[in-house]
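Taking it in order: structure first as structure tokens, then the write-up.
Encoded structure:
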């Protein structure tokens, strides 16, 4: 795979012709060369000030090299101490890339990008004597990550382990987390390049440190990116980043605002989950953008039967239904998709480096945490069907059986709209919830996304509020079997998770979008009942 050629192929005469025409314009404007040179003027005057401090990712294949030795030194030190289990706590750009890197290389990394108490408890149940936790936050104030840090620090101390010796920090210079790490004397602090946004940070310390400590070959990853860097910087019609960006933009101009991502044998595990954040958070704003739809494979609903509102993109060898396909090693793909997404932002006339609608859900969550009555039984369901409680935004019908409620809800989707399924559950123990995506897509005929809450809030959450306003939103929440108190905070993980679901639902409702929340009073029984109800919903 290291020597694999990086390519983009566009099939279909009309799309290929339109993409080629746009490529010619980009080449004439020297867009690729200017991007590689970190030219902040590419997205217009209104974006220039932010772009000027967000473009260091274009040269990370060179500037991240010093990290390799530092990571290896720390890994050897930890090994001498008998520490070989790595737990990563981070959200969005702090967790998605290292998870892809380690899964692709087959090395163990426990990733906590959740507030589900059961999933966190499972991570705590591992051998703490062998555990180091990487606390990864660009801002240094991410509530989920801070909660995990507090919980693990207490667990280490309770086990008679010096907590500071088992905490490694990745953050931006001057962040509250960097300051705290200095005060607490944490084992190691890696300061990332502050001129790189979270979703473009795969080749920074945020991607490399946890993956490298877990045993991934991060030097090879940088080699792979280096091998394609000149090609991506070339103002040439053969530049794959130009072709990928223009294929998306040309399709979008014709009404294909969704980009359906399927792995077709790339050898890269979970790449679409990383690309999902990159595309959605970069382009989904000002009422436009590209909605990534991650599907299970090339024969899955949404890909094989994509309509005119979607562009199927194969990650790996071309598939029969694919209009676009990409190939290349993981490091090269990281850089290719980052270049393509930034260029797509120019073509769509949006700032690919801000996330103006993400903060609203965070503010709503904080407001709910300050109003415990709503989180402790203050809500009254509109209906109850077995172990499923039904809550809905105004205008969403809740009468009848659960299948009737689902059927009426799906009918609210506008023409060429989409369904977003959001599961605020344990993505390990409640993994069967992911089956909701293909089943609902098959029966509704809608492009359907699936996200684990709250991690999707740091990903597609921006698009939901800032992108095309034609989505309907199905939230699935559930009572946890056990809960975990967050040390030094007046809430538990379960209450935080619940507040995040309600907060985001509140913001979506304020945007005029239909929201249906199904709360499982018994998760196993409730999921089974929900799946049976879905099976009754005819296409």
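Numbering (our numbering), first residue to last: -17 to 521. The beta carbon of each residue, even a glycine, is placed where N, CA and C say it ideally should be. Since we're looking at a predicted model, the values are computed, not measured.
For residue i, which residues from the same chain have a beta carbon less than 6 Å from its beta carbon, with the 5 sequence-adjacent residues on both sides left out?
i	result
residue -4	none
residue 406	435, 459, 479, 483
residue 286	303
residue 275	240, 242, 284, 429, 431
residue 355	none
residue 528	A question about residue 528 goes unanswered here, because the residues of the chain that appear run from -17 up to 521.
residue 136	469
residue 321	214, 223
residue 395	428, 454
residue 279	244
residue 485	343, 346, 347, 350
Mark residue i as exposed unless 16 or more other C-beta atoms lie within 10 angstroms of its C-beta, in which case mark it buried.
i	result
residue 524	The requested residue 524 does not occur in the structure, where the chain is confined to residues -17 to 521.
residue 433	buried
residue 62	exposed
residue 482	buried
residue 183	buried
residue -16	Confidence at residue -16 is low in this model, with a pLDDT of 40, below 50, so the placement of that residue is unreliable and no value is reported for it.
residue 139	exposed
residue 55	exposed
residue 557	Residue 557 falls outside the range modelled here, since the chain spans only -17 to 521, and no answer is possible.
residue 520	exposed
residue 48	exposed
residue 281	exposed
residue 245	buried
residue 562	Any question about residue 562 goes unanswered here, given that the chain covers just -17 to 521.
residue 447	buried
residue 187	buried
Using the three-state DSSP reduction, which class does residue i fall into: helix, strand or coil?
i	result
residue 245	strand
residue 213	helix
residue 158	helix
residue 120	coil
residue 511	helix
residue 349	helix
residue -1	helix
residue 401	strand
residue 165	helix
residue -9	strand
residue 337	coil
residue 325	helix
residue 219	coil
residue 42	helix
residue 480	helix
residue 453	strand
residue 394	coil
residue 414	helix
residue -16	Low per-residue confidence applies at residue -16: pLDDT is 40, beneath 50, and the placement is therefore not dependable, though the value from the model is reported in the following sentence. Residue state, collapsed to three classes: coil.
residue 459	strand
residue 441	coil
residue 15	helix
Between residue i and residue j, how many whole angstroms is the CB-CB distance? I'm expecting something under 8 Å.
i	j	result
residue 8	residue 224	5 Å
residue 267	residue 332	5 Å
residue 293	residue 277	Residue 293 to residue 277, Cβ: 13 Å. No contact.
residue 508	residue 369	4 Å
residue 542	residue 35	Since the first residue shown for the chain is -17 and the last is 521, residue 542 is missing from the structure and cannot be characterised.
residue 94	residue 79	Contact doesn't hold; Cβ gap of about 15 Å is too wide.
residue 385	residue 515	4 Å
residue 207	residue 185	6 Å
residue 489	residue 343	5 Å
Quick one: residues in its chain with C-beta nearer than 7 Å to the C-beta of residue i, no 5 flanking neighbours on either side, listed in chain order?
i	result
residue 5	219, 224, 225, 228
residue 476	99, 462, 465
residue 40	17, 18, 20
residue 179	36, 335
residue 230	241, 272, 293, 326
Return the chain-ordered list of same chain residues with a C-beta closer than 8 Å to the C-beta of residue i, the five sequence neighbours on each side being excluded.
i	result
residue 119	72, 73, 76, 127, 128, 152, 153, 157, 159
residue 45	38, 175
residue 366	372
residue 323	227, 260, 261, 264, 265, 334
**Study point:** the segment 409 to 417 in contact with the segment 243 to 257 per 3-pair CB rule at 8 Å
**Key:** no
Exercise for review: Count the C-beta pairs between the segment 232 to 239 and the segment 68 to 77 that are closer than 8 Å, then say yes if the count reaches three, no if not.
Suggested key: Remark: fewer than three beta-carbon pairs, one from each stretch, lie closer than 8 Å, so the segment 232 to 239 and the segment 68 to 77 are not flagged as touching.
Point to revise | Contact between the segment 195 to 213 and the segment 105 to 113 (3+ Cβ pairs under 8 Å) | key: no
Point to revise | At least 3 beta-carbon pairs within less than 8 Å: the segment 288 to 307 vs the segment 197 to 208 | key: no
Practice item. Say whether the segment 464 to 474 touches the segment 415 to 430, bearing in mind that this needs 3 or more beta-carbon pairs closer than 8 Å, one atom from each stretch. Key: The answer is no - the segment 415 to 430 does not touch the segment 464 to 474, with fewer than three Cβ pairs under 8 Å.
Practice item. Answer yes if the segment 114 to 124 comes into contact with the segment 489 to 505, meaning at least three C-beta pairs across the two stretches below 8 Å, and no otherwise. Key: no
Check your understanding: Is the segment 308 to 322 in contact with the segment 448 to 463, if contact means three or more CB pairs nearer than 8 Å?
Key -> no
Check your understanding: With contact counted as at least three CB pairs below 8 Å, one residue from each stretch, are the segment 484 to 502 and the segment 372 to 381 in contact?
Key -> yes
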